[in-house]
Amino acid sequence: MCVMALLAIGLGAPCEDFARGPSEQVLFEHSQPRSESVRLRIDNSPGGEVSASADGGSTWRVLGRVVEPAGAVNPKGYTASKWAADSAVAATAVNGIHIKVANHPETGRGIVFSIIPGGKTIGAAREGAGASIVTDIEGGTLIFGGYGPYVNSPVFVERDLTLQPLPADYVPAAGDVLQIVRSDPLRMPLHCTFENRVGGIISVEYTGEPPRAIGRVLRAISGIGRFEGTLYAAAGRLRANHCGVVDISTSPLGEVGGFQIIPRGHAQSPELSYVATSTQWLVIGPLDDADPSWEGIAPLFSGYLLPSYRPDDILGDHDDWMQRALSRLLVQVRYNGGDWEPMPRICLDPGAQTDNREQSGGGRRRLWRIPASLNPYTPLPPTAYDALTGVTDIRIVFPQAVYWPATENGQ
């Protein structure tokens, strides 16, 4: 039985040993030329500057400060970190940037440390005491927003006036200065579209070209889950990208709700056995079941996606509002094959007394609050599992400009 059929009926056997790599249909995205657009510099010292440069490091813009430096690594990184390149960004998110040093020689898991916003620590950065550079930057903004890196952006440490890749035994120390270099592809797609049904086509589209099929949907979505990082991402915006996930928010800033797009191999990991019977994960793969899975592969799991959104980009007092708008990543949906429209606004709200699905138009007219606990060990209500029923297509709209605002404070 083919992989698509196994996943469709929930019988995909858990497996960690699988081939991954670019299928023929994504070779262009995987290998096209790139040029540096933004680099980040983080001084891992108390009060150290967090800066960005748009000219290769000739000049720098200070965006924030380090509150607490890192002094350790987490040798047991989350599963997908092992698929990132060594000395590179393993995840880019509104609630943290995870950096992979190397794979552990005994366990094969990624050895990681993180750069995180101030305030409450959520997600993978909780793991590993002392393995996070804590900043005073708010989640979803600046380096956790439009200035952020891509998955697999290379990471360097300054040594003897040169930039050196992180050695396999690297442990961050106070006073270390890191640089992350983000390079944009020569051609950025306009859209990546998913037909939300088993066997549905995944296609990319570039300016002046017809859509090009690159893969298939193996398991469709119809529900939303409590992905806590969505607190820092607005509805229809990217919450996180790593080698095994594209995490999309359905909730407004300050609320929780969203769904995830994951590659075939990761979906069959033993730790994700629940995916085969859940509705909050869109499982995808190449057109041919015999081709390798896409963990850590462009354009969806390396080098093309990053959180980029500011609520006041268009309506704020900005002379560069057009550039700001073009630098934002957006996710749209279609219901029943109709016109493209904004992501419905749906959240899981432990304080809600009633379910206002009908009054909110399922989140299409106003915010739909589903009464639900945010405790991951508490079952979600049935409504959460069919909150996106009727969504026949999902479309990622890629940024067409680099976020580099014409303001003194860099925001």
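Under this note's numbering, the first residue of the sequence shown carries the number 8, and numbering increases by one thereafter.
Glycine included, each C-beta is placed from N, C-alpha and C at the ideal position.
May I have the straight-line CA-CA distance separating Val398 from Ser229, to the nearest angstrom?
7 Å
Three or more C-beta pairs closer than 8 Å, one from the region 201-220 and one from the region 174-187: is that the case here?
no
Excluding the 5 residues flanking Gln32 on each side, which residues of the same chain have their C-beta closer than 8 Å to its C-beta?
Arg219, Ala220, Ile221, Gly222, Pro293, Leu294
For the alpha helix (DSSP H) containing Trp328, list its first residue and its last residue.
328-333
Secondary structure at Pro412, three-state DSSP: helix, strand or coil?
coil
CA-CA distance, Ser276 and Thr214?
37 Å
Secondary structure at Tyr7, three-state DSSP: helix, strand or coil?
Residue 7 is absent from the model: the chain starts at 8 and stops at 418.
Using only CA atoms, which one of Ala391, Phe25, Pro349 lies nearest to Arg371?
Pro349
Going by beta carbon distance, what residues of the same chain come within less than 7 Å of Gln407, once the five residues before and after it are set aside?
Met195, Leu333
Below 8 Å on the Cβ atoms is my contact criterion, and I expect Arg352 with Ala242 to pass it. Report the Cβ-Cβ distance as a whole number of Å.
5 Å
Is there contact between the region 110-121 and the region 145-161, where contact requires at least three CB pairs shorter than 8 Å?
no
Counting only runs that start and end within the region 25-82, where is the beta strand (DSSP E) found for 3 or more residues in a row?
41-50, 56-60, 68-75
For the beta strand (DSSP E) containing Gly265, name the first residue and the last one.
265-270
Would you kindly report the start and end of the unbroken beta strand (DSSP E) that includes Gln339?
337-342
What would DSSP say about Leu312, mapped onto helix, strand or coil?
coil
Which complete beta strand (DSSP E) runs does the region 208-251 hold, if anything under 3 residues is left out?
208-212, 219-226, 245-249
According to the Cβ coordinates, are Ala379 and Ile231 closer than 7 Å?
no
From which residue to which residue does the alpha helix (DSSP H) around Gln186 run?
First-last for Gln186: 184-192, but that is the beta strand (DSSP E), not the alpha helix (DSSP H).
When you compare each of Arg244, Ser300, Leu173 to Leu225 by their alpha carbons, which one comes out closest?
Ser300
According to DSSP, residues forming a beta bridge with Asp400
Glu202, Arg341
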